[in-house]
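Residue numbers (my numbering), protein chains in the order written: chain A, 1 to 203; chain B, 1 to 265.
To start, the structure itself, in structure tokens.
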Ligand SMILES: [Zn+2]
């Protein structure tokens with residue numbers, strides 16, 4: 001641990017060790033330089049997870065506060081994978097909080113569940129349910145959003161974010177074998193919807 | 001019509017995706033390329049998925065953060081930094097940490113915290129513009145109150161200290177002292193893993209008549225013992241054996257002092 005970090009994280013139980021301004025400022029500066037550039041990626045991932053722009057906004061804000069708090073302990077490695085792991089946790093928090101607010105009776109939050117609420121909050125519910133007249137990117141998003149969350153997130157991490165199987169396994173806390181079989185299934189499902197999509201016929 | 005060769009290709013399905021993603025080792029990659037040369041079905045699949053990959057991977061599919069979000073995140077970082085200038089709880093990695101950040105360990109810690117849902121709500125509050133900055137005491141108090149909500153008190157509910165202690169193994173990287181104080185009038189209710197001050201902590205739950213006492217524990221250098229009262233709740237803080245202890249309760253300050261004495265014995 002560097003001097004900066006150990007000074008920054010002086011225990012609050014011994015208040016005599018006050019933290020000097022420059023240490024925190026230096027950490028904040030490093031954070032802005034190396035983590036903040038991942039904001040777009042984090043937001044995109046969050047939005048594909050929760051299918052709601054406003055919620056993604058809140059989730060990402062939450063995630064970056066947590067990331068900053070944990071940043072002193074970050075020892076290197078892939079910043080984006082690290083941020084995604086935090087975003088995903090914040091998404092799960094958001095899901096659980098939402099379930100509580102809406103008094104959903106949930107006995108377990110199993111990874112493979114696609115909750116009823118997750119489906120309800122779909123952006124596919126917007127008036128433009130027809131894929132016709134959409135740009136190709138919009139059509140891709142619509143097909144992605146219609147996939148179950150476990151398949152959607154794998155495709156987003158692999159095809160949009162270009163992460164390795166190992167990174168995806170770490171972010172989703174799945175064994176690599178499961179990542180691979182889910183990716184194969186996700187691609188099959190995407191291909192099925194895509195080829196039945198009238199918008200694609202014109203391409 | 002299912003031929004033998006189709007079945008073999010189905011088994012190769014994962015390999016096909018691994019090949020597309022450049023995840024195969026040299027030997028398997030070569031083997032698959034040889035298969036592709038001889039198998040038009042697999043070659044067609046590879047072409048199809050590669051085209052699909054290009055379509056999904058186009059840059060305008062990805063969502064972009066708004067300028068408002070960027071500004072708010074920057075403001076939140078600045079708020080956090082100014083809070084850090086005042087005081088900051090010891091982080092998880094304050095103990096000798098691995099040189100490379102261990103994402104697996106990080107996720108494991110986070111995934112073991114079942115009360116993270118409420119934590120989110122708490123963090124949303126912290127980042128709200130104009131919201132006053134939560135201190136460690138505020139967070140402990142919030143966590144105590146949260147724990148009193150249905151089903152959040154304990155992850156392991158037992159008065160048996162020999163069950164609670166091993167339960168923490170693998171969930172946290174230190175061993176909190178778990179003692180049953182029933183004979184002193186503070187029966188053990190159970191334990192849970194919680195999240196306070198940006199780190200995962202152990203929480204032990206005791207009962208005093210109708211009141212609950214949460215004891216939050218994490219590794220920290222020694223500090224002075226303190227007591228505080230906040231919003232009608234009593235807090236006591238002490239340290240021992242490289243661990244910081246924070247007890248939070250709505251029981252009386254007198255009871256809390258007795259509890260502390262019994263716990264520390
Ligand atoms: Zn084949």
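All residues carry an ideal CB built from backbone N, CA and C; glycine is no exception.
Model, not experiment: these values are computed from the prediction.
Handout entry: Same chain, Cβ closer than 6 angstroms to residue 60 of chain A, five either side skipped, listed in chain order
Key = Once the five neighbours on either side are set aside, the close Cβ partners of residue 60 of chain A are 42, 43, 46.
Exercise for the section: List the residues that DSSP assigns as beta-bridge partners of residue 266 of chain B. Expected result: With chain B running from 1 to 265 in the structure shown, residue 266 of chain B is simply not present.
Exercise for the section: Can you tell me which of B:229, B:55, B:37, B:42 puts its alpha carbon nearest to the alpha carbon of residue 16 of chain B? Expected result: Comparing Cα-Cα distances from residue 16 of chain B to each of B:229, B:55, B:37, B:42, the minimum goes to B:42.
Practice task
Using 7 angstroms as the cut-off, classify the Cβ of residue 187 of chain A as near or not near the heavy atoms of ligand 1, replying yes or no.
Solution key: Not so, every heavy atom of ligand 1 lies at least 7 angstroms from the Cβ.
Exercise for the section: Return helix, strand or coil for residue 127 of chain A, following the three-state DSSP convention. Expected result: Bear in mind that the predicted position of residue 127 of chain A carries a pLDDT of just 45, short of 50, making it unreliable; the figure below should be weighed with that in mind. Secondary structure at residue 127 of chain A: coil, using DSSP grouped into helix, strand and coil.
Exercise for the section: Identify, in the order they occur along the chain, each residue of the same chain with its Cβ nearer than 8 angstroms to the Cβ of residue 189 of chain B, setting aside the five sequence neighbours on each side. Expected result: The residues 153, 154, 157, 159, 205, 206, 207, 212, in chain order, have a CB closer than 8 angstroms to that of residue 189 of chain B in the same chain once the five nearest residues on each side in sequence are set aside.
Exercise for the section: Mind reading off the beta-carbon distance from residue 229 of chain B to residue 253 of chain B? Whole number of angstroms is fine, and I expect it under 8 angstroms. Expected result: 7 angstroms between Cβ atoms; contact.
Handout entry: Exposed unless 16 or more other CB atoms sit within 10 angstroms - verdict on residue 67 of chain A
Key = When all chains shown are included, residue 67 of chain A counts as buried.
Practice task
Give a yes or no on whether 8 angstroms exceeds the smallest Cβ distance from residue 146 of chain A to chain B.
Solution key: Interface residue (Cβ-Cβ distance to chain B less than 8 angstroms): residue 146 of chain A is not classified as such.
Handout entry: Assigned exposure category for residue 152 of chain A - 16 Cβ within 10 Å defines buried
Key = Buried.
Practice task
Give a yes or no on whether the minimum CB-CB distance between residue 242 of chain B and chain A is below 8 angstroms.
Solution key: False, the Cβ-Cβ gap to chain A never drops below 8 angstroms.
Exercise for the section: Taking a Cβ distance cut-off of 7 angstroms, strictly less, list which residues of the region 48 to 65 of chain A are near chain B, in chain order. Expected result: From the region 48 to 65 of chain A, only 57, 58, 60, 61, 62, 64, 65 have a Cβ closer than 7 angstroms to chain B.
Exercise for the section: Taking only beta-carbon positions, decide if residue 31 of chain B is within less than 8 angstroms of chain A. Expected result: So, not an interface residue.
Problem - Any non-hydrogen atom of ligand 1 within 7 angstroms of residue 17 of chain B CB - result: Flag unset: Cβ of residue 17 of chain B not near ligand 1.
Exercise for the section: Say whether chain B places a C-beta atom closer than 8 angstroms to the C-beta of residue 34 of chain A. Expected result: Using a Cβ-Cβ cut-off of 8 angstroms, residue 34 of chain A does not count as an interface residue toward chain B, since no Cβ of chain B sits closer than that to its own.
Exercise for the section: Pull up the CB-CB distance for residue 220 of chain B and residue 235 of chain B, whole angstroms please, since I reckon it's below 8 angstroms. Expected result: For residue 220 of chain B against residue 235 of chain B, the beta-carbon gap comes to about 16 angstroms, at or over 8 angstroms, which does not count as contact.
Practice task
Starting from residue 160 of chain A, find everything on chain B with Cβ-Cβ shorter than 7 angstroms and list it in chain order.
Solution key: Those are 56, 57, 61, 62, listed as they occur along chain B.
Practice task
Please classify residue 44 of chain B: is it buried, with 16 or more other beta-carbons within 10 angstroms of its beta-carbon, or exposed?
Solution key: So residue 44 of chain B counts as exposed.
Handout entry: Identified DSSP bridge partners for residue 181 of chain B
Key = Partner(s): B:186.
Handout entry: For residue 63 of chain B, the three-state DSSP class (helix, strand or coil)
Key = Here residue 63 of chain B sits in coil by DSSP.
Exercise for the section: Give me the Cα-Cα distance between residue 172 of chain A and residue 85 of chain A, rounded to the nearest whole angstrom. Expected result: Going from the Cα of residue 172 of chain A to the Cα of residue 85 of chain A covers about 7 angstroms.
Practice task
Give the residues of chain A in contact with residue 48 of chain B, contact being defined as C-beta atoms less than 7 angstroms apart.
Solution key: Taking a Cβ-Cβ cut-off of 7 angstroms, the neighbours of residue 48 of chain B in chain A comprise 191, given in sequence order.
Practice task
May I ask you to report which of helix, strand or coil DSSP gives residue 255 of chain B?
Solution key: For residue 255 of chain B, the secondary structure class from DSSP, reduced to helix, strand or coil, is helix.
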